[in-house]
Amino acid sequence: MPKQTTGQPVRSAERMLDVMEMFSFERPALSVSEISAGLSLATSTVRRLLNALERHGFVRYNAQVGKFAPHYQVVRLAAVAVQGNDLITAGSVPLDDLRKRTGEATQLTILADGDIVFVDRRESQSVIKIFSPVGHRSPAWDGRASGKVLLAWLPDDEVAAMLPAAADWPSGGPNASGSPEEFVRRLAVVREQGYAVNDEETEQDVWAVAAPVRDHTGRVVAAINVPVLKTRAAQAGRATELIDAVLTAADTVSRALGFYGEKTQ
731 MPKQTTGQPV RSAERMLDVM EMFSFERPAL SVSEISAGLS LATSTVRRLL NALERHGFVR
791 YNAQVGKFAP HYQVVRLAAV AVQGNDLITA GSVPLDDLRK RTGEATQLTI LADGDIVFVD
851 RRESQSVIKI FSPVGHRSPA WDGRASGKVL LAWLPDDEVA AMLPAAADWP SGGPNASGSP
911 EEFVRRLAVV REQGYAVNDE ETEQDVWAVA APVRDHTGRV VAAINVPVLK TRAAQAGRAT
971 ELIDAVLTAA DTVSRALGFY GEKTQ
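Using the numbering used here, you'd call the opening residue of the sequence shown number 731 and step up by one each time.
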């Protein structure tokens, strides 16, 4: 008979993943005590987990600052994930074409645990650039055009579970939603028009448009967006041009993923 395994190896693996998820763009290097406090684990446990991760090349220790940071194995796996990802592969040429057509930054995002995650991008040709780096996460409800697209077609109860309570609703840009209820009403507008606009909802002078990418079932699996300075979007006909370009790019990716329904607009 095969030997039965206990839950301990699985639990240790889960804790290692918890440790890796502590690292972010805001906190690219962490000490044992910081990880211990963040995960409510004993420092001895965290040291054992980090030692195992270090032996396998997933983290490295910087003795000068006394902190750990992700290492080469993470980079290797990221490259493998990108190469084998149908969405990123399907979006590669459309993102190139979208940047060429608009001259602006182009970004591909997905929804993960209530956050939007930037999984691919092309930089703007403009001197002043507006973009988020690959891997960056932001709350899907913070007013970004891509976040509204990724939430707009979800069931109401799923969206409600992600939103902060009214008393904790944060302030944003000049045109930010003032409450969860207002944000939900704006999602209805997104569904009706087939795309989302961020008109200074996250911060002043920022304008962006995003459109949904659908898989073969018609489910929204990603968003393509173009962020620009509002002054550039305010030029005659520019906003309409950007909206049309983003919708076209999103439709191209959707069709590459097997979606042959009506266009997303």
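Just so it is clear, CB atoms sit at the ideal spot from N, CA and C, and this is done for glycine as well. Being a predicted model, the structure only gives us computed values, none of them experimental.
Apart from the five residues just before and just after residue i, which ones in its own chain have a Cβ nearer than 6 Å to its Cβ?
i: Arg-944; result: Val-950, Ser-984, Phe-989
i: Thr-982; result: Pro-824
i: Asn-905; result: Asp-929, Glu-930, Glu-931
i: Lys-960; result: Asp-935, Trp-937
i: Ser-862; result: Phe-848
i: Phe-755; result: His-866
How many Å lie between residue i and residue j at the Cα?
i: Gly-833; j: Val-936; result: 16 Å
i: Arg-831; j: Ser-854; result: 11 Å
i: Val-889; j: Gln-794; result: 44 Å
i: Val-740; j: Phe-848; result: 29 Å
i: Arg-867; j: Ala-953; result: 14 Å
i: Leu-828; j: Pro-942; result: 15 Å
i: Gly-768; j: Arg-968; result: 45 Å
i: Gln-738; j: Ser-907; result: 45 Å
i: Gly-873; j: His-786; result: 40 Å
i: Arg-806; j: Ala-966; result: 45 Å
i: Pro-885; j: Gly-948; result: 14 Å
i: Ser-901; j: Gly-991; result: 38 Å
i: Lys-878; j: Leu-917; result: 6 Å
i: Lys-797; j: Arg-778; result: 15 Å
i: Met-746; j: His-801; result: 14 Å
i: Ala-891; j: Gly-844; result: 9 Å
i: Leu-771; j: Ala-811; result: 30 Å
Within the same chain, show all residues whose beta-carbon is closer than 8 Å to that of residue i, passing over the 5 residues directly before and after it, in chain order.
i: Ala-799; result: Phe-753, Pro-758, Ala-759, Leu-760, Val-789, Arg-790, Asn-792
i: Leu-972; result: Thr-832, Glu-834, Val-939, Val-956, Val-958, Ala-963
Report yes if the CB atom of residue i is closer than 7 Å to the CB atom of residue j, and no otherwise.
i: Leu-841; j: Leu-880; result: yes
i: Ala-986; j: Ala-820; result: yes
i: Ser-876; j: Asn-815; result: no
i: Val-914; j: Ala-882; result: no
i: Ala-870; j: Ile-846; result: yes
i: Ser-909; j: Ala-896; result: yes
i: Gly-903; j: Glu-933; result: yes
Ignore the nearest five residues each way along the sequence and tell me which others in residue i's own chain have a CB closer than 7 Å to its CB.
i: Ser-763; result: Thr-773
i: Arg-852; result: Leu-825, Asp-826, Arg-829, Ala-835, Thr-836
i: Ile-765; result: Val-749, Met-752, Val-776
i: Ala-980; result: Ala-941, Pro-942, Val-943, Ile-954, Thr-994
i: Asp-850; result: Ile-818, Gly-821, Leu-825, Leu-838, Val-864
i: Trp-899; result: Ser-909, Pro-910
- Message: With a threshold of 8 Å, are at least 3 pairs of Cβ atoms found where one atom belongs to the segment 777 to 786 and the other to the segment 740 to 750?
- Response: Enough Cβ pairs lie closer than 8 Å, so yes.
- Item | Whole beta strand (DSSP E) elements within the segment 834 to 864, 3-residue minimum | Correct list: 836 to 842, 845 to 852.
- Query: Which runs of the alpha helix (DSSP H), 4 residues or longer, sit entirely within the segment 736 to 809?
  - Reply: Fully enclosed alpha helix (DSSP H) runs of 4 or longer: 738 to 751, 762 to 769, 773 to 785.
- Query: In the segment 867 to 911, which residue ranges form an unbroken alpha helix (DSSP H) of at least 4 residues, counting only runs that do not cross its ends?
  - Reply: Qualifying alpha helix (DSSP H) stretches, in chain order: 875 to 882, 886 to 892.
- Output the residue ranges of the alpha helix (DSSP H) runs that lie fully inside the segment 920 to 995 and measure 4 residues or longer, sorted by chain position. Correct list: 960 to 963, 968 to 986.
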